[in-house]
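Read the structure below first, then the notes.
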Amino acid sequence: MKIVIDLRSLSSGTISGVENYCLNLLDNLFKLDHKNQYTLFNNSFSKLKLGDFHYVNSTIKDSRLPNKLINLALKSKVLNLEKLTGEFDILFMPNLNQFNVRKNAKVVLTVHDLSPVVTPEFYDIKRRVWHKFLNYKSSFQRADVLLAVSESTKNALINFFGIDSHTITVTSPGLVLIIFHPNLAIDEQRSVRNIYGLPGEFILFLNTIEPRKNLINLINGYEKLDCSASLVIAGRLGWKFRSVFKQINKSKKSAKIKYIGYVEEKHKPALIKLAKVLVYPSFYEGFGFQALEAMAIGTPVIASQLTSLPEVVGDAGLLVNPYNVDDISKSLKQILEITNLRKLLEQKGYKQSEQFVWSKTAENTLKILNSVST
């Protein structure tokens, strides 16, 4: 069976949840499947190296056409993906993008989150136009199977788009335990502390700087604390981020709030390990990798009680109302001051994180790919 995997989502140059999903799923999928033939479609001026996926049953098809031109041609049905990749039985899209395929081709599409539809107020005009251009509903209806990364995403597909539940399968992402584990070398931690100029004791926010991530309420909650810990903010700049920095500048604790920018993947485990607590107060999330990574490392987690995060965290972290600043502040105070609570969450976090395994994600995905071809 010939399967094309659309890897246009890897062209950003940074690693976020979607890129993490693509890279780890494919690595495990190719280790598992030696029968099907895979073509990895990449459209970028930076070529994907075959060494990234060194398996004999996978090849890379590079295209260097401008993405705007490809998207417009696919949207208007002037072009279909077969002309770029060759004939295939199944198109697997690890993330939604513009596509057009022949009528008898099967389509499997992973849906990470539906925040552009559920919470459009958190996006700028440029991204709202792009999301409208994608035409979510027609894409979801064209797919033979939708892989939802959480029950929350599945429910949103049903409630907002009227998708038949029988076409949706929940396949949770996994965790690389050889990278995210509690026994990180002291030298590695010391190196990361020096690279980013980290304070001695700190609360960590590790996410894209955008309104949906609810950083302003975290800053306001931190202001209410009487503690020695600093607040470290890490992540790439998204959109509508200026209000966050205005809030920091006018904060009475601005001297103890430190923005360190985008953190390289290789530095993330040590950064999380050094933190007293990781806070994930988003208004909406399709999954929640950082919470999962923190639990595996042994760093306590405070997460929003909305959308998918309760599925990821379970009872292994403190869940808060993201709209309630006092709730956020109270939870921070508890974790910073109650040693027994930190130890309890640490132990529960290890067990909770063990439920999320990439090999299992790949196994479930392969079952779906094989089933749609029959």
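Numbering (our numbering), first residue to last: 1215 to 1588. Here a beta-carbon is modelled for each residue, glycine too, at the ideal position from N, C-alpha and C.
Of the residues the options, which one's Cα is nearest the Cα of residue i?
i            : options                : result
residue 1396 : 1354, 1508, 1275, 1559 : 1508
residue 1468 : 1279, 1541, 1445       : 1445
residue 1310 : 1286, 1323, 1428, 1371 : 1323
residue 1515 : 1433, 1417, 1235       : 1417
residue 1358 : 1436, 1286, 1222, 1317 : 1317
residue 1354 : 1410, 1378, 1281       : 1378
Looking only at DSSP bridge pairs, what is residue i linked to?
i            : result
residue 1389 : 1571
residue 1383 : 1361
residue 1307 : 1323
residue 1257 : 1277
residue 1220 : 1255
residue 1533 : 1517
residue 1423 : 1451
Assuming residue i contacts residue j under a Cβ cut-off of 8 Å, what Cβ separation, rounded to an integer in Å, is found between them?
i            : j            : result
residue 1501 : residue 1330 : Rounded, the Cβ-Cβ distance is 16 Å, inconsistent with contact.
residue 1586 : residue 1249 : The pair is not a contact, with the Cβ atoms about 15 Å apart (cut-off 8 Å).
residue 1298 : residue 1272 : Residue 1298 to residue 1272, Cβ: 17 Å. No contact.
residue 1422 : residue 1452 : 4 Å
residue 1424 : residue 1454 : 6 Å
residue 1489 : residue 1531 : Not quite, the Cβ-Cβ distance comes to about 13 Å (not below 8 Å), so this is no contact.
How long is the line joining the alpha carbons of residue i and residue j, rounded to whole angstroms?
i            : j            : result
residue 1215 : residue 1295 : 17 Å
residue 1463 : residue 1431 : 15 Å
residue 1360 : residue 1521 : 18 Å
residue 1572 : residue 1428 : 29 Å
residue 1381 : residue 1412 : 47 Å
residue 1385 : residue 1584 : 15 Å
residue 1601 : residue 1497 : Since the first residue of the chain shown is 1215 and the last is 1588, residue 1601 is not available in this structure.
residue 1352 : residue 1224 : 23 Å
residue 1264 : residue 1580 : Note that residue 1264 scores a pLDDT of 49, beneath 50, so its modelled location is shaky; the value from the coordinates is reported in the next line. Cα to Cα, the separation comes out at about 21 Å.
residue 1419 : residue 1393 : 20 Å
residue 1457 : residue 1433 : 12 Å
residue 1348 : residue 1221 : 16 Å
residue 1289 : residue 1314 : 7 Å
residue 1366 : residue 1544 : 26 Å
When DSSP labels each residue in this structure, what does residue i get in the three-state scheme?
i            : result
residue 1417 : strand
residue 1371 : helix
residue 1448 : strand
residue 1251 : strand
residue 1276 : strand
residue 1592 : In this structure the chain extends from 1215 to 1588, so residue 1592 is not present and cannot be described.
residue 1518 : strand
residue 1231 : helix
residue 1528 : coil
residue 1475 : strand
residue 1492 : strand
residue 1586 : helix
residue 1271 : coil
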